[in-house]
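Trainee: Residue numbers (the working numbering), protein chains in the order written: chain L, 120 to 375; chain X, 138 to 405. All residues carry an ideal CB built from backbone N, CA and C; glycine is no exception. Sharing a structure with you now.
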């Protein structure tokens, strides 16, 4: 690494580093203090078990997961997916072992890694944006900043079912669901490997073959499983929005 | 100021400031605190970084490219500073807040209307916390995009992910403390998800295998009851003010230690 070599240009931390630290501290203090001076932190009525607000929203950083509750059962949206996200994040340095493109913004050498990570980041914040700004009473879609006559936080029509859209939802037949899942995961794991075989005629296949050689089968599997899981989440969301499927596979114990 | 100091003064006569400066700094008591004097030579610049308690966690010399703002976005440092800011404002808030079901909300009102500077104290803690969640995500994104998690820093990335988790948990436990509708129901939504954990949550799949009920599952352990109440409040408070900050501090120390040992990431 260049920065370990003795002739790498260095400057003394005092004052070149210290002044950046010092200015950051002052700047952040001013910003936090300034915002706090202008905008009050929210404080609603005293907590009351009997008064359920509609909708009850999680803090913004968890709202993406709450938004996923529309599309998945709580054990997936609230437990499996967040755990898998954290495990996946921790695995990154152990599957991306190429020492290249370190210490700089490298798009050219790591197009796949950057795209995959960016898509995940985008998905996380897109779900937050939808949940925070476009969901209203009963977690239905609403436009932000309009004052709907429903009465804001409180559902004012007790006779009307809370989740009107659930009435229109159906489940995918189990045989179709099972086939979809198997085809999606088995196909997703093997298709890139088959694609490698035509590396003589396709440049992309050749690039992939080279990439696979460096990765090895175990790292490839770990990466591909996470790619498929993320695409699977998007796929389930689209399936529900387009065909109204609540579950694609149901068992007596759990539903997916 | 340094111009008038003896090192720089040359044959110029020191002015009032210079004289005062000399009086303050040129005695053995001052020297017991600030040992190296004003760091105007390379030797003193090295010495001051190494001998100062506050600055010794920084290297004495840094690579030029690691200092660039577009490279680090200062996000790691800003996150740490926000952590310190939140510790300070949090300790001050603890003077005025008692985590008791019937009192907590009144203490919030007192903070807003009775305690001098209570409102801005609470605002700073709240907005600082939101900012910290955001900066920690930005820091992670920056480290990813610059490939800084690569060898030999793999494990420090893992610790970073743990710190991200702790940050989210810190923010989440703090959300309940005002004991208002916003936090109460947000935490209800959040902890209900824990009840759906497979095997160990009463609503999760295969819960009957381990006999998970509403009053003995993982959610019950988290909130100390079958619904958010006085027990959940004290648990959130203790985790928020003692448990999680201690874990976070330990991980932060390790995180920084590894950064110093492995050096800043740099191009090949």
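What is the rounded straight-line gap between the Cα of residue 284(L) and the Cα of residue 360(L)?
Mentor: Low confidence applies here, because residue 284(L) scores a pLDDT of 47, under 50, leaving its location unreliable; read the following figure in that light. If you take the alpha carbons of residue 284(L) and residue 360(L), they lie about 11 Å apart.
Trainee: Closer than 7 Å, Cβ to any Cβ of chain L: which residues of the region 295 to 317 of chain X, in chain order?
Mentor: Cβ contacts with chain L: 295, 298, 302, 305, 308, 309, 312, 315, 316 and 317.
Trainee: Could you tell me whether any Cβ in chain L is nearer than 8 Å to the Cβ of residue 253(X)?
Mentor: So no, residue 253(X) is outside the interface.
Trainee: For chain X, is any of its Cβ atoms less than 8 Å away from the one on residue 258(L)?
Mentor: Closer than 8 Å: no.
Trainee: Tell me, please, which residues DSSP counts as bridged to residue 254(L).
Mentor: Answer is 260(L).
Trainee: Give me, in chain order, the residues of the same chain whose beta-carbon lies closer than 8 Å to that of residue 263(L); leave out the 5 immediate sequence neighbours on both sides.
Mentor: Excluding sequence neighbours, residue 263(L) sits near 252 and 253.
Trainee: Which residues share a DSSP beta bridge with residue 153(L)?
Mentor: Beta-bridge pairing links residue 153(L) to no other residue.
Trainee: For residue 326(X) versus residue 365(X), is the C-beta distance shorter than 8 Å?
Mentor: No, the pair does not count as a contact, with Cβ atoms beyond the cut-off.
Trainee: Assign residue 149(L) to buried or exposed, taking buried as 16 or more other Cβ atoms, counted over all protein chains shown, within 10 Å of its Cβ.
Mentor: Burial call: exposed.
Trainee: With a threshold of 16 other CB atoms inside 10 Å of the CB of residue 234(L), please say whether the residue is buried or exposed.
Mentor: By the 10 Å Cβ count, residue 234(L) comes out exposed.
Trainee: Under a three-way DSSP split, which group does residue 273(L) fall into?
Mentor: Unreliable positioning characterises residue 273(L) in this predicted model, as indicated by a pLDDT of 45, which lies under 50. A coordinate reading is not provided.
Trainee: Between residue 349(L) and residue 298(X), which are expected to be in contact by the criterion C-beta below 8 Å, what is the C-beta distance as a whole number of angstroms?
Mentor: Not quite, the Cβ-Cβ distance comes to about 17 Å (not below 8 Å), so this is no contact.
Trainee: Along the region 194 to 214 of chain L, what residues have a CB closer than 8 Å to any CB found in chain X?
Mentor: Per Cβ criterion, the list reads 194, 196, 197, 198, 199, 205, 208, 209, 211, 212 and 213.
Trainee: Which residues in the same chain as residue 266(X) place their Cβ atom closer than 7 Å to its Cβ, once the five residues preceding and following it in sequence are excluded?
Mentor: Only 223, 308 and 311 meet the Cβ criterion.
Trainee: Per DSSP, which one or two residues make a beta bridge with residue 165(L)?
Mentor: Its beta-bridge partners are 317(X).
Trainee: Consider the Cβ of residue 189(L): report whether some Cβ of chain X lies at a distance smaller than 8 Å.
Mentor: With 8 Å as the cut-off, residue 189(L) does not count as an interface residue toward chain X.
Trainee: Taking DSSP as the reference, what is the three-state secondary structure of residue 289(X)?
Mentor: The answer is coil: DSSP assigns residue 289(X) none of H, G, I, E or B.
Trainee: Would you mind telling me which residues of chain X sit closer than 8 Å to residue 171(L), beta carbon to beta carbon, in chain order?
Mentor: What residue 171(L) touches in chain X: 322.
Trainee: Roughly how many angstroms lie between the CA atoms of residue 303(X) and residue 385(X), to the nearest whole one?
Mentor: Using only the alpha carbons, I get a separation of about 6 Å.
Trainee: For the candidate residues 232(L), 182(L) and 215(L), whose alpha-carbon lies nearest to that of residue 250(L)?
Mentor: Closest by alpha carbon: 182(L).
Trainee: Measure the alpha-carbon distance for residue 165(X) versus residue 174(X) and round it to whole angstroms.
Mentor: Going from the Cα of residue 165(X) to the Cα of residue 174(X) covers about 11 Å.
Trainee: What is the DSSP secondary structure of residue 354(L), reduced to helix, strand or coil?
Mentor: Helix.
Trainee: Does the distance from the CB of residue 151(L) to the CB of residue 316(X) come in under 8 Å?
Mentor: Contact flag unset, no.
Trainee: DSSP on residue 364(L), reduced to helix/strand/coil?
Mentor: It is a strand residue.
Trainee: Measuring only the C-alpha atoms, how far is residue 175(L) from residue 232(X)?
Mentor: Cα to Cα, residue 175(L) sits roughly 30 Å from residue 232(X).
Trainee: Give a yes or no on whether 8 Å exceeds the smallest Cβ distance from residue 251(L) to chain X.
Mentor: It does not; no Cβ of chain X falls within 8 Å.
Trainee: How do the region 186 to 200 of chain X and the region 130 to 144 of chain L stand: do at least 3 beta-carbon pairs fall below 8 Å, yes or no?
Mentor: Output reads yes: the region 130 to 144 of chain L touches the region 186 to 200 of chain X.
Trainee: I need the straight-line Cα distance from residue 360(X) to residue 372(X), nearest angstrom please.
Mentor: Computed Cα separation, rounded: 7 Å.
Trainee: Can you tell me whether residue 286(L) is helix, strand or coil according to DSSP?
Mentor: Confidence in residue 286(L) is poor, its pLDDT being 48 and thus under 50, which makes the residue's placement unreliable; the coordinate value appears in the next sentence. Here residue 286(L) sits in helix by DSSP.
Trainee: Taking contact to mean 3 or more Cβ pairs, one atom from each stretch, closer than 8 Å, check whether the region 246 to 261 of chain X and the region 328 to 341 of chain X are in contact.
Mentor: Taking 8 Å as the limit for Cβ pairs, the verdict is that the region 328 to 341 of chain X does not touch the region 246 to 261 of chain X.
Trainee: Would you kindly work out how many angstroms separate the C-alpha atoms of residue 151(X) and residue 168(X), rounded to a whole number?
Mentor: Using only the alpha carbons, I get a separation of about 21 Å.
Trainee: Counting contacts by CB-CB distance shorter than 8 Å, is residue 156(L) in contact with chain X?
Mentor: Output row for residue 156(L): interface = yes.
Trainee: Quick check on DSSP: helix, strand or coil for residue 129(L)?
Mentor: DSSP places residue 129(L) in strand when its eight states are reduced to three.
Trainee: Could you check if residue 246(L) is buried or exposed, using at least 16 other CB atoms within 10 Å of its CB as the buried criterion?
Mentor: It is buried - the Cβ of residue 246(L) has at least 16 other Cβ atoms within 10 Å.
Trainee: Am I right that residue 132(L) and residue 398(X) are in contact with their C-beta atoms under 8 Å? What's the rounded C-beta distance?
Mentor: 16 Å between Cβ atoms; not a contact.
Trainee: State the Cα-Cα distance for the pair residue 380(X) and residue 295(X), rounded to the nearest angstrom.
Mentor: The alpha-carbon atoms of residue 380(X) and residue 295(X) are separated by roughly 20 Å.
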